[in-house]
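Below is one structure; the comments refer to it alone.
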Amino acid sequence: MDEIFENVISGMSNAFVRLSSTIPAPQLSKYADGYVYRFRRQGFEEAIVLKVARLITLLQSGKLLLDQGFLQEVGAIQRSLDEVDSDILFLCGPLIFGNQERAHTQYLDDFFAEEFDQPRDALGSTQKRSRVRRSKIRAYNARAYAAGLAVDRAIKVLETIDNAYSGFVHASSVHTMDMYYGNPPKFHIHGMKGTSRQRDSQDDFKNYIYRSVGSMAFAAKALDCERLFEELYALSTAVMRDLRL
Numbered sequence: 169m170d171e172i173f174e175n176v177i178s179g180m181s182n183a184f185v186r187l188s189s190t191i192p193a194p195q196l197s198k199y200a201d202g203y204v205y206r207f208r209r210q211g212f213e214e215a216i217v218l219k220v221a222r223l224i225t226l227l228q229s230g231k232l233l234l235d236q237g238f239l240q241e242v243g244a245i246q247r248s249l250d251e252v253d254s255d256i257l258f259l260c261g262p263l264i265f266g267n268q269e270r271a272h273t274q275y276l277d278d279f280f281a282e283e284f285d286q287p288r289d290a291l292g293s294t295q296k297r298s299r300v301r302r303s304k305i306r307a308y309n310a311r312a313y314a315a316g317l318a319v320d321r322a323i324k325v326l327e328t329i330d331n332a333y334s335g336f337v338h339a340s341s342v343h344t345m346d347m348y349y350g351n352p353p354k355f356h357i358h359g360m361k362g363t364s365r366q367r368d369s370q371d372d373f374k375n376y377i378y379r380s381v382g383s384m385a386f387a388a389k390a391l392d393c394e395r396l397f398e399e400l401y402a403l404s405t406a407v408m409r410d411l412r413l
């Protein structure tokens with residue numbers, strides 16, 4: 169899987185350079201007592217580029233942890249990948265299908281908001297978040313991308329995937345007990361490298377490699393990079409074949 173993964177990261181990295189070049193670069197902006205980089209325009213395209221950047225870093229982080237046998241942490245990364253993947257589809261929908269909803273405006277307002285509205289006094293900040301619920305994002309994606317699957321069924325599938333990996337993020341008892349096994353059984357607090365658990369996790373991670381390429385293809389389509397979309401679609405097809413999914 170290593171060679172396939174390196175080819176995927178190389179392809180996605182090159183694609184990211186092309187994607188990010190379609191929008192104006194971030195500019196230095198005054199913030200508190202210094203300066204930070206921010207996009208002057210804060211629309212769908214900028215949000216998509218930022219989400220794709222995290223998609224690529226999360227995918228690489230997951231592979232590093234997987235190689236060392238830290239499978240609980242891989243599960244947490246996969247939960248983050250699920251969320252970034254769904255966010256990309258949510259943000260791409262209006263640009264591809266023209267079906268923007270009120271939740272998209274709410275999402276962008278929250279996404280680009282500064283963490284504190286009083287940067288010199290974080291404790292005195294009165295910033296109130298208005299995040300779009302994951303259930304709304306799942307419902308929109310199910311309607312927009314169901315591709316023949318019943319919408320209720322699609323929502324249930326997405327919800328089940330989210331819930332299955334949330335336990336790794338929150339260190340639930342059931343998920344953490346996966347670290348306890350062997351002869352004699354013990355907690356594997358230094359990772360589970362070379363075990364059957366690692367092989368199972370490797371098989372699971374293959375799906376995230378494939379899905380990440382697919383998400384980036386949708387990003388290319390949304391940013392009107394048709395040739396890049398075709399290249400990424402071809403890459404996703406090759407990945408599915410090579411990983412035997």
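Residues in the sequence shown are numbered consecutively from 169, following my numbering.
The C-beta atom is built at its ideal place from N, Cα and C for all residues, glycine as well.
Small disclaimer: the values here were computed from a predicted structure and weren't measured.
In the three-state reduction of the DSSP assignment, valine 300 falls in the coil class, being assigned neither a helical nor a strand state. Taken in chain order, the whole beta strand (DSSP E) runs of length 3 or more contained in the segment 200-275 are 202-206. As DSSP reads the structure, serine 197 sits in a beta bridge with Val204. DSSP places phenylalanine 355 in the strand class (E or B) of the three-state scheme. Residue pairing of glycine 350 in beta bridges, as defined by DSSP: Pro353. Annotated as proximal: isoleucine 245 and glycine 230, with beta-carbon spacing under 8 Å. In this structure valine 342 is exposed. Its beta-carbon is surrounded by fewer than 16 other beta-carbon atoms within 10 angstroms. The residues Leu196 and Ser197, in chain order, have a CB closer than 7 Å to that of tyrosine 203 in the same chain once the five nearest residues on each side in sequence are set aside. Of the candidates Ser298, Leu326, Arg297 and Ser334, Leu326 places its Cα closest to the Cα of arginine 311.
DSSP places alanine 183 inside the alpha helix (DSSP H), whose first and last residues are 170-188.
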